[in-house]
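Please read the structure below before turning to the comments.
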Amino acid sequence: MPRLPATRVIDPNASAQPILHIVTTQPRAAVDRVIDLPPPGVGFQSGVYVPLNDVVLGDTGGAQAVLNGNLAVSWPTRPSTAH
Amino acid sequence: MDRVNAGISLSGAATLELAVAAGAGVSGAVRLALIPLPTFTVGGSITVSPFVQITAHVGVTADADGRVSVVAPFGLASGFSSDGSTGAGTATPPRYLPEVGLPDAAINLSGSVELEVVLALHGFHGRPGQRGRRARHRMRWCTATS
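Dropping the structure here:
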C-alpha cells in the first residue's frame, strides 16, 4: 500500500531555530538561480504569479535536487495613506 | 510640515515541491527579480515607490529518491511616516503558516526552506531616495523525516 503523505503545521514562533539541524558529510553544491518574471500583462491584477518549473538547485555527483511549484503575491489596489 | 503616513501590505503563497535524488546534498537560492509595485502619492506631493523581492533559500539532503512539498501562505506589511525629517518607519511582523508534507517514500530526507521577502518603500519629494524604508522578513521552517 502506498504511503500517504501527511501534513503538519510548523509553529512559526519556533521557527527561529531549526527543528532539526541538517547533518551531512556530503559536499553541498551551492547554486544561485534567478527566475525571470512573466511579461507585463500576464499576471493577475494587483499581483504577480511566478511559476517555478524544474529549477535545478544543485547536483552532487549526479544527484540532483529539482524544485517545482509557484509563487503568488498580491497587494491592495489602494495603499494606506494618511496626511 | 504635516506628518504623512504611507504603507502597503502583501499577501501571497508559495507552493513548492522538491524532488531529490539519492545522495543529493545541495543548497541554493532562487531569487526573483525586483518587482516594482504601482507608485502612489501621499500628502499631495510625496511619491512613494514600493518594491518587493522574494528569495527562497533551500537546502536538502537525502539518501534515496523522494519528493517533499511545502505550502506556505504569508502576509506582511511595511510603511513609513515622515514629518519632514529623513528616514522614519515601521514594519509589522510577518504572518505565515507553512505546512510541510512528508516525503512520498520511506527515505531519510532532511532540509529547510526559508522564504525571504523584502518590501521596500521609497518616498521622495522632488529628489529620489530622500526617504525610504525597507522591511526584510525571513520566514523559516525546517523538516526532517524518515
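Sequences listed follow chains A and B, in order.
According to our numbering, the first sequence is numbered sequentially starting from 1227.
According to our numbering, the second sequence is numbered sequentially starting from 645.
Backbone N, C-alpha and C define an ideal beta-carbon position, used for all residues, glycine too.
Chain B residues whose Cβ lies nearer than 9 Å to that of residue i
i	result
N1279/A	Correct list: empty, because the minimum Cβ distance to chain B is about 11 Å.
Segment limits, beta strand (DSSP E) that includes residue i
i	result
P1277/A	1273 to 1286
A673/B	669 to 676
T659/B	648 to 664
S1306/A	1306 to 1308
A1298/A	1289 to 1300
Exposure label - residue i; buried when at least 16 CB within 10 Å
i	result
L678/B	exposed
V1249/A	Residue placement at V1249/A is poorly supported in this model, since its pLDDT is 34, which falls under 50; the coordinates still yield a value, given next. V1249/A comes out exposed.
S1272/A	exposed
T1286/A	buried
T705/B	buried
V1260/A	exposed
S713/B	buried
G1288/A	exposed
P742/B	buried
P747/B	buried
S689/B	exposed
Nearest candidate by alpha-carbon position, reference residue i, set the options
i	options	result
D707/B	V664/B, L759/B, N649/B, V744/B	V664/B
F695/B	N1279/A, V1274/A, L1278/A	V1274/A
G710/B	A749/B, G755/B, T659/B, S722/B	A749/B
L1278/A	R647/B, A657/B, S756/B, E743/B	A657/B
S754/B	V648/B, N649/B, S655/B, A666/B	A666/B
G745/B	A716/B, L720/B, V762/B	A716/B
V692/B	I698/B, V648/B, A700/B	V648/B
A721/B	S689/B, V762/B, G687/B, G688/B	V762/B
Closer than 7 Å at the beta carbon, the chain A residues around residue i
i	result
T659/B	G1295, N1296
S655/B	S1300
A668/B	T1286, A1289, Q1290, A1291
Assumed close pair residue i, residue j - CB separation to whole angstroms, cut-off 8 Å
i	j	result
L759/B	I652/B	Not a contact, Cβ separation roughly 18 Å.
L1283/A	A1291/A	4 Å
L1293/A	V674/B	7 Å
R739/B	G719/B	4 Å
L681/B	Q697/B	L681/B to Q697/B, Cβ: 11 Å. No contact.
V1299/A	L660/B	Wrong, their Cβ atoms sit about 15 Å apart, outside the cutoff.
Amino acids of chain A, ordered along the chain, whose beta-carbon sits closer than 8 Å to that of residue i
i	result
A764/B	Ordered by position in chain A, no residue passes the 8 Å Cβ test against A764/B, which lies about 13 Å from the chain.
G710/B	By Cβ distance, chain A contributes nothing, its closest Cβ being about 10 Å from G710/B, past 8 Å.
Residue i: CB within 6 Å of a non-hydrogen atom of the ligand ATP
i	result
T659/B	In the structure shown, the ligand ATP is absent, as is every other ligand, since no ligand is present at all.
Partners in chain A for residue i, counting only beta-carbon separations shorter than 9 Å
i	result
L753/B	The contacting residues do not exist; L753/B stays about 10 Å from chain A at best.
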